[in-house]
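**Q** Here it is: the structure, laid out below.
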RNA sequence: GUGGGUGUAGCUCAGCCGGAAGAGCACUGGGUUGUGGCCCCAGAGGUCGCGGGUUCAAGUCCCGUCACUCACCCCA
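In my numbering, the protein residues as written are 55 to 483.
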């Protein structure tokens, strides 16, 4: 038995690193005023078909779609923004005042061939700022995302572009189609198809012959209408004012139809083919497309798997805890009670369940990274005390029954104040 | 969906020209009547991915298949 292709188990201690990254991310989002929205993991298929776009690869070939027992078509969400927009419309979230600032986290599903940094089930962290058409909204979410990576010590290249809007993009696409048709002979097989179906996608083709064609292609920027041009300009100015470095790239195109104007990626310069750690943009038509009123919005999504591959820097784990060692069968009962008292006081405590020898129990205390151990044996039973051993220094002291919890707590706090000798590596993967 | 690479112990991997399945780490026990790390000793653990073929003999050669992996496509 194996986990399905493209899915994976995340085991301890790796799972702990994941949790900490997610917690730091969501805490950051809250600090910027975003609140969590918890969405279903599946939607009626039309939410994605209409939201993401019929012509996109995601909708055409990457969705996990199935029928429920009444025959209605459901789909495991391939991304979250369409679901957020659907919830926004369903619950009339605009009524409580704009903008609405939301964040989400959780698994997404796409039926693709797995690869480094690409999985069929993958986890995303994302934010949406709904209701503002202004460049400051774009700039804010980009800033949040930028902060996320710098907080984790991950170096990224921010690449931005504007894909125009309903007024100017059609004209550009027509011009591009015309240009590509003329140069059809120089394009690769895939691009000849794309030139007709989805010409924007030709722009980021890596085939050399195509690259030459692309170099001479009309640029999107020249076709932007005045409103879009001004918007793009202001976003860029705000980023500069915030000292966030970025690069403009008018060949950056996104695979989802709902984007308008601003689009961007945070790329990992050291990653392989799947180098987008996060991506996002403005989607001014999506809410309307899903049956709501016209509602400008912008947001991004972070790929957790890719972030973890990039090696986030995390501070050491501080939850050192205490291991209770029982010496002799008679002492096990008292050791069990001592462990539970410590746990009730909020202290991480563990003890042997394998009937191991005292020596083996000590080894367990060492291996588990416990800061100290509490030893219970015949002497302690007779004298009514505990022996508290510091696992780092090696010293021992007697602790009265009544003072157990307090003394252990003091020891652990002392440990936390001092830099620990063991724990998780700074950049371990 | 299309290519390339790799499948041997829990993990990382060695195994030559076909000739008795190995190492390091991890794990368990011991070296101490009640004390961890270092060291020493011992032990447990493998249908060599699976199926077929060639051969006196296959982990090794051939074919098929599955899985993993990297890349294309596309994307977080």
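Don't be surprised by glycine CBs; every beta carbon is placed ideally from N, CA and C.
This structure is a prediction, so every number in the text was calculated from the model and none was measured.
(1) Return the residue from the list 212, 255, 215 and 214 that minimises the CA-CA distance to residue 230.
(2) Among 82, 431 and 405, which has the Cα closest to the Cα of residue 419?
(3) Relative to the C-alpha of residue 237, which candidate in 80, 259, 252 and 267 has its C-alpha closest?
(4) Is it right to say residue 84 is buried, meaning 16 or more other beta carbons lie within 10 angstroms of its own, or is it exposed?
(5) Can you tell me where the beta strand (DSSP E) holding residue 106 begins and where it ends?
(6) What would DSSP say about residue 199, mapped onto helix, strand or coil?
(7) Would the segment 238 to 258 count as touching the segment 340 to 359 if we require 3 or more Cβ pairs under 8 angstroms?
(8) Note down the Cα distance separating residue 330 from residue 360, rounded to an integer number of angstroms.
(9) Smallest Cα separation from residue 273: which of 302, 135, 363 and 370?
(10) On the DSSP bridge list, what partners appear for residue 96?
(11) Drop a sphere of 10 angstroms on the beta-carbon of residue 525, count the other beta-carbons inside from all chains shown, and report buried for 16 or more, exposed for fewer.
(12) Could you give the first and the last residue of the continuous alpha helix (DSSP H) run that contains residue 141?
(13) Can you give the Cα-Cα distance for residue 294 and residue 204, rounded to whole angstroms?
(14) In terms of DSSP beta bridges, what is residue 461 paired with?
(15) Would you say the beta carbon of residue 196 comes nearer than 7 angstroms to a heavy atom of the ligand ATP?
(16) What residues in its chain sit with their C-beta under 6 angstroms from that of residue 212, if we drop five residues either side in the sequence?
(17) Where does residue 157 fall in DSSP's three states?
(18) Should residue 92 go down as buried or exposed, given a rule of 16 or more other Cβ atoms within 10 Å for buried?
(19) Are the beta-carbon atoms belonging to residue 426 and residue 386 less than 8 angstroms from one another?
(20) Quick check on the burial criterion: 16 or more other C-beta atoms within 10 angstroms. Buried or exposed for residue 285?
(21) Looking at the secondary structure, which residues open and close the beta strand (DSSP E) in which residue 284 lies?
(22) According to DSSP, residue 162 sits in a beta bridge with which residue or residues?
(23) Would you call residue 67 buried or exposed, if buried means 16 or more other Cβ atoms sit within 10 Å of its Cβ?
(24) Whose C-beta lies closer than 7 angstroms to the C-beta of residue 445 among residues of the same chain, with five residues either side of it excluded?
**A** Quick look at the numbers:
(1) 255
(2) 405
(3) 267
(4) exposed
(5) That residue, residue 106, is in no beta strand (DSSP E); its alpha helix (DSSP H) goes 99 to 106.
(6) helix
(7) no
(8) 8 angstroms
(9) 302
(10) 130
(11) This structure leaves residue 525 out entirely; the chain is present only between 55 and 483.
(12) 135 to 144
(13) 16 angstroms
(14) DSSP lists no partner for residue 461.
(15) The ligand ATP is not among the ligands present in this structure, which contains no ligands whatsoever.
(16) 300 and 320
(17) strand
(18) exposed
(19) no
(20) buried
(21) From DSSP, residue 284 is part of no beta strand (DSSP E) but of the alpha helix (DSSP H) over 280 to 295.
(22) 176
(23) exposed
(24) 419, 420, 424, 425, 426 and 427
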